[in-house]
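Peer 1: First the structure, which I've put down as C-alpha cells, then a few questions once you've had a look.
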C-alpha cells in the first residue's frame with residue numbers, strides 16, 4: 581500500500597538525515613522525497629512517498645511524529661487531496677520525430693523549455709499517473725535524460 | 183558581564199544541579215578542564231576509558247533518577263562513547279554527553295582528532311546538537327537536559343567545538359524552554375482509562391506486566407495499590423525488576439526467556455494482560471504469534487511508537503505510567519464492595535499450583551560453588567540493607583534476576599536492551615558516586631568484567647568501596663550454554679582459557695581481593711566482602727558448565743520451557 585506523508589519540519593541541519601534514518605534503520609523504503617522551505621520562517625515541508633502494510637505505515641506515522649524536529653505530520657489517504665509532480669525530460673530529436681514529440685507534449689499540456697539541433701527539453705506537470713503516461717509515449721522516441729521532482733501534496737479545502 | 187563558552191558551560195551545569203562529570207580530558211576540551219580546575223562545585227571523575235565514563239553517568243542516572251553527565255574529548259574520545267550512548271538509548275536513561283570538537287572553521291576538514299560524532303550518534307541518541315554559536319550555548323544545554331529527562335528519557339549529546347569554548351557571550355540561563363515539535367503526552371485519555379477500568383474489572387484472569395517504564399516514572403506505589411486492590415498477580419521484565427516487591431505473594435518474578443515457570447504460564451493463560459511501561463521485547467514474548475493467546479492487551483506507555491509495534495494491542499493508553507495509574511485508581515472505588523480475594527481465588531490458586539510445580543532450583547548436592555547459591559547467600563546477607571546491584575551481561579545477570587529478591591526500584595542496574603558486556607562495573611561505580619551511604623555490589627562474569635576492567639584504577643583512585651563479585655567459569659558462559667543446548671556442544675571461541683589472576687590484578691591496583699572455589703567458603707567470604715569498608719574483589723570459581731534455567735529457546739513460545 582502506498583502512502584504520502586507531508587511533514588512540516590524545522591529547517592535545520594541534520595533534519596533530513598534524521599528522517600532518512602528513520603526509514604533506513606527499519607528497512608522501510610522511500611519512493612520519493614521532496615523538501616523545500618515554506619512561507620513560515622524556519623520551517624520546511626517534506627513530502628515522502630512510501631510503501632508498506634498497514635502496520636508499517638502506522639509505525640512510520642508515529643515515528644515521524646516522535647522526531648523532535650517534526651512539527652506536524654499529515655497523512656494523505658481518506659480525505660481528498662491534490663498531488664502534483666514535475667518532470668524535466670530531455671528528448672533526442674531529429675527531423676522525423678520532432679513533430680510527434682511536440683504533438684504529445686501538446687496533448688499533455690507540457691512545455692518545451694530548451695531546444696537544440698538534436699534535442700528538446702520538456703517540462704510537464706501533473707499527478708504521477710500523468711507523468712507516467714507521457715513517459716511511456718515518449719520512451720520509443722528516445723529519452724536522453726529524465727528528472728522527476730517527486731510528489732508534493734495538499735489536502736483539498738472543504739467545499740461549502 | 184560576558185563569560186567564555188567554558189564558563190557558560192560550568193554555570194549552566196550548576197543551574198542544572200550537576201554534581202559529577204565523568205570522563206577523560208583531551209586537546210579539544212582543555213579549556214573546559216581549565217574552567218573546571220578553577221571551581222569546586224562540580225567534581226570531575228577521571229575514568230580510564232570513555233565508554234566506562236558514559237556507563238558511569240548512566241549508572242548514576244538509573245540509581246538516583248537524576249541525569250548523569252559525561253565530558254570527553256573529540257575524535258576517539260567521542261567515538262568511544264557510542265556503546266554507552268546506545269546502551270542508555272535502549273534502556274531510556276537520561277544522560278548528557280559533552281564531546282569536544284575541533285574548532286568550527288576546521289570541521290569537515292579531517293582535522294586531527296576530528297570525528298563526525300553528531301552524524302555517528304544520531305541513531306543512538308534521543309537528540310543531539312552541534313554548538314555553532316556561543317550565544318546559543320546556554321539555551322542548547324537547557325534544551326539537552328530538558329529533552330533527556332522528559333517524556334521517554336534518553337541520552338542527548340552536545341558536540342562542543344574548541345573555538346566556542348573560548349568565545350565570549352552574555353550568560354543568561356533560560357528558566358523554561360519550549361520546543362514546538364516536542365510535546366510528550368503525560369496524562370492518559372480519560373475515556374480510554376474508563377474503558378480500561380471496565381475491561382480489567384470484567385476480566386477473570388488479569389495479569390500485570392511491569393517494565394522499565396514503571397521504574398523510570400516511579401509508578402511502583404500505584405502499581406502496588408492496583409495489584410493489591412484487585413488482587414492481580416504481577417510479573418516484571420528484567421528492566422522492571424524492583425517496581426513490585428518480589429517477596430509479595432502476588433509477585434511472579436521475572437518472565438521471558440529465563441523467566442519463572444509461573445510467570446510464563448500465567449502469560450499464556452491470562453485473559454487480560456495489563457502492560458505498564460514495557461515494550462514487548464522478543465526476550466519477553468518469545469514467539470510473538472503464540473504470546474498470551476487468550477488475553478486482551480492493555481498497553482500503557484509514554485512512547486506511542488512502542489504501542490502495537492510487536493503485539494496487537496486492544497487498549498492502547500499513551501501517557502506517563504504513574505500519572506495514568508493515579509487517574510485510574512480512584513475509578514476502582516466503585517467496585518470496593520467486591521470481595522476481590524474471593525473473585526480471584528481460582529486464578530490465584532492456579533498460579534500457586536504453577537508456583538509449586540517448578541520452582542527456581544539448582545544442584546545443592548555438590549561441593550563446587552553453584553552460582554545460584556552465591557546469589558541466595560548474598561541475598562540473605564544484604565537484603566535488609568537494600569543495596570544497589572549492578573550486573574554485566576550473561577548468565578550471572580540472569581542468576582541475579584532470578585535469585586536476588588529486589589523490593590525497591592532503581593536497585594538493579596543492568597543493560598537490558600542492548601545487552602552491553604562491560605556495562606555493570608562502571609555503572610556500579612557511577613551509582614556509588616550517587617549514593618555514598620549505600621552498598622553497591624557489582625556482579626560480573628569473568629568475560630564481561632574484562633571489558634572495562636581498567637576502571638579498577640578509578641575505584642582505587644577515588645577509594646570508592648564498590649564490591650565486585652566475579653562469577654568465574656572460564657567461559658563466555660551464556661553463549662557456551664547456547665552452544666551446548668543448540669549447537670552440539672561445539673564451544674567455538676567461548677573458552678577463556680587464558681585469564682588474568684583477578685586477585686593479583688586487583689592487588690596491583692591496591693584493591694583487596696580474594697579467590698574462593700569451595701562451597702564452604704562462600705558465606706564467610708561474602709561476609710568479609712560485605713563488611714569491608716574499601717573496594718573489594720571476590721573471584722568466585724563456579725561450577726563451569728552450570729546453565730540458566732528455565733529457558734525458552736529463541737523463537738519458541740513461552741510455554742515451551744526447558745526446565746533443567
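Protein chains in written order, with the working numbering: chain A, 581 to 740; chain B, 183 to 746. No residue lacks a Cβ here, since even glycine has one placed at the ideal position from N, Cα and C.
Short of 9 Å Cβ to Cβ, which residues in the segment 358-377 of chain B face chain A?
Peer 2: Listed in sequence order: 361, 362, 363, 364.
Peer 1: Return the CA-CA distance between residue 237 of chain B and residue 422 of chain B, expressed in angstroms with no decimal places.
Peer 2: As a working note, residue 237 of chain B is residue 55 in the second chain. As a working note, residue 422 of chain B is residue 240 in the second chain. For residue 237 of chain B and residue 422 of chain B, the distance between alpha carbons rounds to 19 Å.
Peer 1: Helix, strand or coil for residue 261 of chain B, going by three-state DSSP, please let me know.
Peer 2: Residue mapping note: residue 261 of chain B aligns to position 79 of the second chain, counting from 1. Of the three classes helix, strand and coil, the one that applies to residue 261 of chain B here is helix, per DSSP.
Peer 1: Thinking C-alpha only, which one of B:642, B:618, B:647 is nearest residue 624 of chain B?
Peer 2: Reading the second chain from its first residue, position 442 is the one you call residue 624 of chain B. Of the listed residues, the one whose Cα sits closest to residue 624 of chain B is B:647.
Peer 1: Does the beta-carbon distance from residue 584 of chain A to residue 629 of chain A come in below 7 Å?
Peer 2: On the first chain, residue 584 of chain A is found 4 positions in, with the first residue counted as 1. On the first chain, residue 629 of chain A is found 49 positions in, with the first residue counted as 1. Yes, Cβ-Cβ distance for residue 584 of chain A and residue 629 of chain A is below 7 Å.
Peer 1: Buried or exposed: residue 299 of chain B, going by 16 or more other Cβ atoms within 10 Å of its Cβ?
Peer 2: Translated into positions along the second chain, residue 299 of chain B becomes position 117. It counts as buried.
Peer 1: Measuring only between beta-carbons, confirm whether residue 601 of chain A sits less than 7 Å from chain C.
Peer 2: Of the protein chains in this structure, namely A and B, none is chain C.
Peer 1: Could you tell me whether the segment 312-325 of chain B touches the segment 190-198 of chain B, where touching means 3 or more Cβ pairs closer than 8 Å?
Peer 2: Touching, yes.
Peer 1: Any C-beta of chain B sitting closer than 7 Å to the C-beta of residue 619 of chain A?
Peer 2: Walking along the first chain from the start, residue 619 of chain A turns up at place 39. No - not a single Cβ of chain B is within 7 Å of the one on residue 619 of chain A.
Peer 1: Just verifying my parser: in three-state terms, what is the DSSP assignment at residue 371 of chain B?
Peer 2: Residue mapping note: residue 371 of chain B aligns to position 189 of the second chain, counting from 1. Of the three classes helix, strand and coil, the one that applies to residue 371 of chain B here is coil, per DSSP.
Peer 1: Just the chain B side, please: which residues come within less than 7 Å of residue 634 of chain A by C-beta, in chain order?
Peer 2: On the first chain, residue 634 of chain A is found 54 positions in, with the first residue counted as 1. Neighbours of residue 634 of chain A on chain B: none; closest Cβ ~10 Å, over 7 Å.
Peer 1: Is residue 449 of chain B buried or exposed, if buried means 16 or more other CB atoms sit within 10 Å of its CB?
Peer 2: As a working mapping, residue 449 of chain B is identified with position 267 in the second chain. Buried.
Peer 1: Out of curiosity, what's the CA-to-CA distance linking residue 312 of chain B and residue 490 of chain B?
Peer 2: Position 130 of the second chain, counted from the first residue, corresponds to residue 312 of chain B. Position 308 of the second chain, counted from the first residue, corresponds to residue 490 of chain B. Rounded to whole angstroms, residue 312 of chain B to residue 490 of chain B spans 34 Å at the Cα level.
Peer 1: Scan the segment 618-685 of chain A and note each continuous beta strand (DSSP E) run of 3 residues or more that stays entirely inside, going in chain order.
Peer 2: Runs found: 623-631, 650-656, 661-672.
Peer 1: Give the residues of chain B in contact with residue 651 of chain A, contact being defined as C-beta atoms less than 7 Å apart.
Peer 2: Taking the first chain and counting its residues from 1, the one referred to as residue 651 of chain A is at position 71. The answer, in chain order, is 362, 363.
Peer 1: Which residues in the same chain as residue 550 of chain B place their Cβ atom closer than 6 Å to its Cβ, once the five residues preceding and following it in sequence are excluded?
Peer 2: Taking the second chain and counting its residues from 1, one reaches residue 550 of chain B at position 368. Excluding positions up to five away in sequence, the list reads 725.
Peer 1: Going along the chain, which unbroken runs of the beta strand (DSSP E) with 3 or more residues stay wholly within the segment 634-699 of chain B?
Peer 2: List check, beta strand (DSSP E) in window: 649-654, 694-698.
Peer 1: Considering just the uninterrupted stretch of the beta strand (DSSP E) at residue 724 of chain A, what are its terminal residues?
Peer 2: Counting from 1 along the first chain, the entry for residue 724 of chain A is found at position 144. 723-728 is the span of the beta strand (DSSP E), which, as asked, contains residue 724 of chain A.
Peer 1: Can you look up residue 719 of chain A in the DSSP assignment and give me helix, strand or coil?
Peer 2: Taking the first chain and counting its residues from 1, the one referred to as residue 719 of chain A is at position 139. Three-state result, residue 719 of chain A: helix.
Peer 1: Identify whether residue 329 of chain B lies in helix, strand or coil by the three-state DSSP scheme.
Peer 2: If you number the second chain from 1, residue 329 of chain B lands on position 147. Residue state, collapsed to three classes: helix.
Peer 1: Determine the contact status of residue 362 of chain B and residue 485 of chain B, defining contact as a CB-CB distance below 7 Å.
Peer 2: Taking the second chain and counting its residues from 1, one reaches residue 362 of chain B at position 180. Taking the second chain and counting its residues from 1, one reaches residue 485 of chain B at position 303. Not a contact, by the Cβ cut-off of 7 Å.
Peer 1: To test your reading of the DSSP string, which unbroken alpha helix (DSSP H) runs of 4 or more residues are found completely within the segment 438-520 of chain B?
Peer 2: You should have 443-451, 464-467, 503-510.
Peer 1: Is it the case that the segment 247-260 of chain B contacts the segment 207-215 of chain B, given that we only count it when at least three CB pairs across the two stretches are under 8 Å?
Peer 2: Enough Cβ pairs lie closer than 8 Å, so yes.
Peer 1: Would a C-beta distance cut-off of 7 Å place residue 198 of chain B and residue 217 of chain B closer than the cut-off?
Peer 2: Taking the first residue of the second chain as 1, we reach residue 198 of chain B at position 16. Taking the first residue of the second chain as 1, we reach residue 217 of chain B at position 35. The answer is no: Cβ separation not under 7 Å.
Peer 1: Could you list the residues in the segment 490-506 of chain B with a C-beta less than 9 Å from some C-beta on chain A, going in chain order?
Peer 2: Answer set for the segment 490-506 of chain B: 490, 491, 494.
Peer 1: Let me check one thing: in DSSP terms, what residues is residue 809 of chain B bridge-paired to?
Peer 2: Lying before the first or after the last residue shown, residue 809 of chain B is absent from chain B, which here runs from 183 to 746.
Peer 1: Report all residues from its chain with a CB closer than 6 Å to the CB of residue 651 of chain A; omit the five preceding and five following residues, and keep chain order.
Peer 2: By one-based count along the first chain, residue 651 of chain A stands at place 71. Excluding positions up to five away in sequence, the list reads 588.
Peer 1: Alpha carbon to alpha carbon, how far is residue 661 of chain A from residue 737 of chain A?
Peer 2: Working through the first chain from its first residue, we reach residue 661 of chain A at position 81. Working through the first chain from its first residue, we reach residue 737 of chain A at position 157. Each residue's alpha carbon lies about 8 Å from the other.
Peer 1: What is the rounded straight-line gap between the Cα of residue 700 of chain A and the Cα of residue 286 of chain B?
Peer 2: Taking the first residue of the first chain as position 1, residue 700 of chain A is located at position 120. Taking the first residue of the second chain as position 1, residue 286 of chain B is located at position 104. Distance between the alpha carbons of residue 700 of chain A and residue 286 of chain B: 46 Å.
Peer 1: Short check: CB of residue 732 of chain B to CB of residue 745 of chain B, under 7 Å?
Peer 2: As a working mapping, residue 732 of chain B is identified with position 550 in the second chain. As a working mapping, residue 745 of chain B is identified with position 563 in the second chain. Result yes, Cβ atoms of residue 732 of chain B and residue 745 of chain B sit closer than 7 Å.
Peer 1: So what does DSSP say about residue 603 of chain B, is it helix, strand or coil?
Peer 2: Translated into positions along the second chain, residue 603 of chain B becomes position 421. The answer is coil: DSSP assigns residue 603 of chain B none of H, G, I, E or B.
Peer 1: Output needed for residue 467 of chain B: all residues of its chain with C-beta closer than 6 Å, excluding positions within five of it in sequence on either side, in chain order.
Peer 2: As a first step, residue 467 of chain B is located in the second chain; it is residue number 285 there, counting from the start. Closer than 6 Å at the Cβ level, and outside the excluded window around residue 467 of chain B, lie 473.
Peer 1: For residue 737 of chain A, name the three-state secondary structure that DSSP assigns.
Peer 2: In the first chain, the residue the question calls residue 737 of chain A occupies position 157. Coil at residue 737 of chain A, not helix or strand.
Peer 1: Compare the beta carbon distance of residue 588 of chain B and residue 554 of chain B with 7 Å and say whether it is the shorter of the two.
Peer 2: The residue labelled residue 588 of chain B in the question sits at position 406 within the second chain. The residue labelled residue 554 of chain B in the question sits at position 372 within the second chain. No, these two residues do not count as a Cβ contact at 7 Å.
Peer 1: If we cut at 7 Å on Cβ distances, does residue 654 of chain A have a partner in chain B?
Peer 2: By one-based count along the first chain, residue 654 of chain A stands at place 74. So no, residue 654 of chain A is outside the interface.
Peer 1: Taking the Cβ atom as the reference point for each residue, do residue 458 of chain B and residue 409 of chain B lie within a distance shorter than 7 Å?
Peer 2: Counting from one through the second chain, the residue named residue 458 of chain B turns up at place 276. Counting from one through the second chain, the residue named residue 409 of chain B turns up at place 227. Against a cut-off of 7 Å, the Cβ pair of residue 409 of chain B and residue 458 of chain B comes out as no contact.
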